[in-house]
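Colleague: Chains A and B are the protein sequences, given in the same order.
Numbered per my numbering, the first sequence finishes at 878, counting up by one with no gaps.
Numbered per my numbering, the second sequence finishes at 146, counting up by one with no gaps.
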Amino acid sequence: MTVVRISDDALALACGADAVAAAFAAAGCTVERTSSWGLHWLEPLVEIDGRGFGPATPAEVPAILAGTSATAIGEIAAHPFLAGQTRLTFARAGRIRPLSLEDYAATGGWRGLDRARGLAPEQVVAEVMASGLRGRGGAGFPAGIKWQTVAGAPGARKFIVCNADEGDSGTFADRMLMEGDPFQLLEGMAIAAHAVGAGQGYVYVRSEYPHAIAKLRAAVELAAGRLAPFTVEVRVGAGAYVCGEETALLNSLEGRRGEVRAKPPLPALAGLFGCPTVVNNVLTLAAAAHILAAGGAEQYAALGHGRSRGTMPVQLAGNIAHGGLCEVPFGLSLGELVMEIGGRTASGRPVKAVQVGGPLGAYLPPGRFDLPFDYEAFAAAQALIGHGGVVVFDDTADMAALARFAFQFCAAESCGKCTPCRIGSTRGVELLDRLCAGSGSFELLEDLCETLEYGSLCALGGLTPWPVRSALRHWPADFGR
Amino acid sequence: MNTSDLAAILARHAGAEGALLPILHEVQAAFGCVSSEAERAIAAALNLSRAEVHGVVSFYHDFTAAPDPRPHVQLCRAEACQARGVEALVAAAEAAAGERVRLTTVYCLGLCSAGPAARVGDEVHARLDEAALVRLIGDAR
């Protein structure tokens, strides 16, 4: 019987994968639901004996089975979009059934945890340190140093908190990992728990990800024996973007308003319920599973660019022809990602701007496509790589409207604790409206940006000026200048 | 509001650490809102003041004070969906929703390479054009 593999990732489902799967089942095929390869423009992508067909529709099923379909793309693993990638964190993407413990073990699952548990905790920390792994949530803080701080902090109870509140527009790697390879995240959390002496972990997932929540909950149940004595609980956010900020997330987990806490104290010393806590992004913890497998740390450290080591799961999004998941070593240029791998715009019009790093990231023009994907190189260009989202806009984009949206988004999502963010964001919207109507002062706008940047408690207020300023700097004509 | 259902939710979380959000999610799902009576009962069960509970309820977009029985469609209007043209669909979506459907904005469903995207219940939809979005809103139950 023909075995047909179709992803049950949320994006595949949103593009109609269930109807395609049902049509193959009705045609007498055995349908396996797998993780997604991340070739999003081809979803629903159908795989038969390693060969792909996409985007597939129920009407196309007879032609696919007869071998006459025009949607054939040949061998999936050899596809040019994948051939240039180095998939470590996403090594299993497309290749496994997400909730199959058998598939997980057969693809190297649990090797990192088994090896880590045979090592002293300080050796585990040393390996993460040696790998050069930095936090993938956005700040890029060295994971090994965070783990070492928690390991050395006094406390009867310690926690591992996975930040899965992936709210940045243009990002979906956390979602894909939780839906496609949830055991890897749990393995990484258990490794972190061993390294710092934590007994309990929480995954804080945003409520906008119902499929990820369901998969994770099922995975926690299936893997409980493997993880023991470490336990994991999945907690669901409630629609607050700011809870992706680690201290707001901790407040939310404790059952409070998701307001940012002043630092110090650092969560590593006084985090969840006042206890030493590792707060790491999904991709950071998942990478630890690879790093702790034999030879993983050396392999990771050998890849990358400057102080950005290893690979980054870049997410190609927005108006891009070949959108999807692109895990590559740090150092590729933005132009290679957008123009070559991403295949330029989906609309066929010229690229005008690219926003990297989510709603708080700078807008960059094609003139800056030489920038290497690297934390320090982006920082030097007054930009950030954040969580690795790359959102492409064509020449119909109105950069003044996007700058206004940055303030509007900040006003909608501000936790309200600090004044620059709570009030400054609304004043920013009003000011941009005046500027676009021909009145208002650009000097005042810069003053406001400076107040937000230096006066806000967290990155939401502190970085909102970045998309605003970059839009004004690179496209003054859109502001009537 | 059925008080025994509420009591069962509270009993299920008795003694759990930081249980307020999980409780509020269950209450919102069961009753369609977190009413002032529910706030009082939750506050009593968790040894909090009602103000503390209300502060949390009112902070998060997912919790509402009054039920809204209409079908709910969430349309993503974040940057990546804007780049793919969602703003041009908004007027038609609002017209299709009318008073029958509760149409709200969500910032990001994580389908950013295939927008415009929308969510109805736990189902997600991508690559929406005007006709598909209008049909989706018309079919929302």
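Beta carbons are placed, not taken as given, at the ideal position from N, Cα and C, and that holds for glycine.
These numbers come from a predicted model, not from an experiment.
Could one say the Cβ of N560/A lies closer than 8 Å to chain B's Cβ atoms, at least one of them?
Modeller: no
Colleague: Under 8 Å between C-beta atoms, does E651/A make it to chain B?
Modeller: Chain B, which has a Cβ nearer than 8 Å to the Cβ of E651/A, makes this yes.
Colleague: Give a yes or no on whether the minimum CB-CB distance between I717/A and chain B is below 8 Å.
Modeller: yes
Colleague: Using a Cβ-Cβ cutoff of less than 6 Å, which residues in the same chain neighbour C815/A once the five nearest sequence positions on both sides are dropped?
Modeller: S853, L854
Colleague: Any contact between the segment 789-796 of chain A and the segment 761-775 of chain A? By contact I mean 3 or more CB pairs, one from each, below 8 Å.
Modeller: no
Colleague: Just how far apart, CA to CA, sit F64/B and D578/A?
Modeller: For F64/B and D578/A, the distance between alpha carbons rounds to 32 Å.
Colleague: Would you mind reading off the limits of the beta strand (DSSP E) that contains R632/A?
Modeller: Boundaries of the beta strand (DSSP E) harbouring R632/A: 628-633, taken from the DSSP string.
Colleague: Just the Cα atoms here: how many angstroms apart are D10/B and S41/B?
Modeller: 16 Å
Colleague: Which chain A residues are close to D127/B, counting only those with a beta carbon under 7 Å from its beta carbon?
Modeller: P607
Colleague: Helix, strand or coil: how does DSSP classify F556/A here?
Modeller: If DSSP states are grouped into helix, strand and coil, F556/A belongs with the strands.
Colleague: What is the C-beta distance between L841/A and L828/A, in whole angstroms, given that I count them as a contact (C-beta under 8 Å)?
Modeller: 6 Å
Colleague: Would E99/B be called buried (16 or more neighbouring beta carbons within 10 Å of its own) or exposed?
Modeller: Answer is exposed; the Cβ neighbour count stays below 16.
Colleague: May I have the straight-line CA-CA distance separating D562/A from R572/A, to the nearest angstrom?
Modeller: 9 Å
Colleague: For Q482/A and chain B, any beta-carbon pair shorter than 8 Å?
Modeller: Chain B, which has no Cβ nearer than 8 Å to the Cβ of Q482/A, makes this no.
Colleague: With DSSP as the reference, label L436/A as helix, strand or coil.
Modeller: DSSP places L436/A in strand when its eight states are reduced to three.
Colleague: Kindly indicate which three-state DSSP category P74/B falls into: helix, strand or coil?
Modeller: coil
Colleague: Step through the CB atoms of chain A and report whether any lies within less than 8 Å of the CB of S9/B.
Modeller: no
Colleague: Since F876/A and C833/A are thought to touch, with beta carbons under 8 Å apart, how far apart are those beta carbons, to the nearest angstrom?
Modeller: Right, the Cβ-Cβ distance comes to about 7 Å (below 8 Å), so this counts as a contact.
Colleague: What did DSSP end up calling H591/A once you bin it into helix, strand or coil?
Modeller: Look at H591/A here: in three-state DSSP terms it is helix.
Colleague: Which residues in chain B have a C-beta closer than 7 Å to the C-beta of S604/A? List them in chain order.
Modeller: Those are D67, listed as they occur along chain B.
Colleague: Whose C-beta lies closer than 7 Å to the C-beta of R484/A among residues of the same chain, with five residues either side of it excluded?
Modeller: A490, E724
Colleague: Which residue comes first and which comes last in the beta strand (DSSP E) that contains S41/B?
Modeller: Where S41/B is concerned, there is no enclosing beta strand (DSSP E), although the alpha helix (DSSP H) it sits in stretches over 41-51.
Colleague: Can you grab the Cα-Cα spacing for the pair G585/A / D844/A, in whole Å?
Modeller: 44 Å
Colleague: Flag Y697/A as yes if its beta-carbon sits less than 8 Å from any beta-carbon of chain B, otherwise no.
Modeller: no
Colleague: If D792/A sits next to S705/A, beta carbons under 8 Å apart, how far is it from one beta carbon to the other, in whole angstroms?
Modeller: With a Cβ gap of about 31 Å, D792/A and S705/A do not count as contacting.
Colleague: Using a Cβ-Cβ cutoff of 9 Å, what residues of the segment 91-121 of chain B are near chain A? List them in chain order.
Modeller: If the cut-off is 9 Å between Cβ atoms, the segment 91-121 of chain B has E92, T110, V111, Y112, C113, L114, G115, L116, C117, S118, A119, G120 near chain A.
Colleague: Under 8 Å between beta-carbons, which chain A residues line up against H130/B? List them in chain order, please.
Modeller: A411
Colleague: Please list, in chain order, the residues of the segment 763-785 of chain A that have any C-beta partner in chain B closer than 7 Å.
Modeller: Identification of residues in the segment 763-785 of chain A having a C-beta nearer than 7 Å to some C-beta of chain B yields an empty set.
Colleague: Go ahead and pull the three-state DSSP assignment for A750/A.
Modeller: strand
Colleague: Does the pairing of the segment 138-145 of chain B with the segment 453-470 of chain A give three or more beta-carbon distances under 8 Å?
Modeller: Touching, no.
Colleague: Mind reading off the beta-carbon distance from D807/A to S822/A? Whole number of angstroms is fine, and I expect it under 8 Å.
Modeller: The sequence given here places Cys at residue 807/A; Asp does not occur at that position. The pair is a contact, with the Cβ atoms about 4 Å apart (cut-off 8 Å).
Colleague: Can you tell me whether N678/A is helix, strand or coil according to DSSP?
Modeller: strand
Colleague: Given that a residue counts as buried once 16 or more other Cβ atoms are within 10 Å of its Cβ, and exposed if not, what is N52/B?
Modeller: Exposed, by the Cβ-count rule.
Colleague: Can you check which of these residues, G549/A, F580/A, A645/A, is closest to G622/A by C-alpha distance?
Modeller: F580/A
Colleague: Within 10 Å of its beta-carbon, does N7/B have 16 or more other beta-carbons around it, so buried, or fewer, so exposed?
Modeller: exposed
Colleague: Find the residues of chain A that neighbour R89/B, judging by a C-beta separation of less than 8 Å, and give them in chain order.
Modeller: G715, N716, A743
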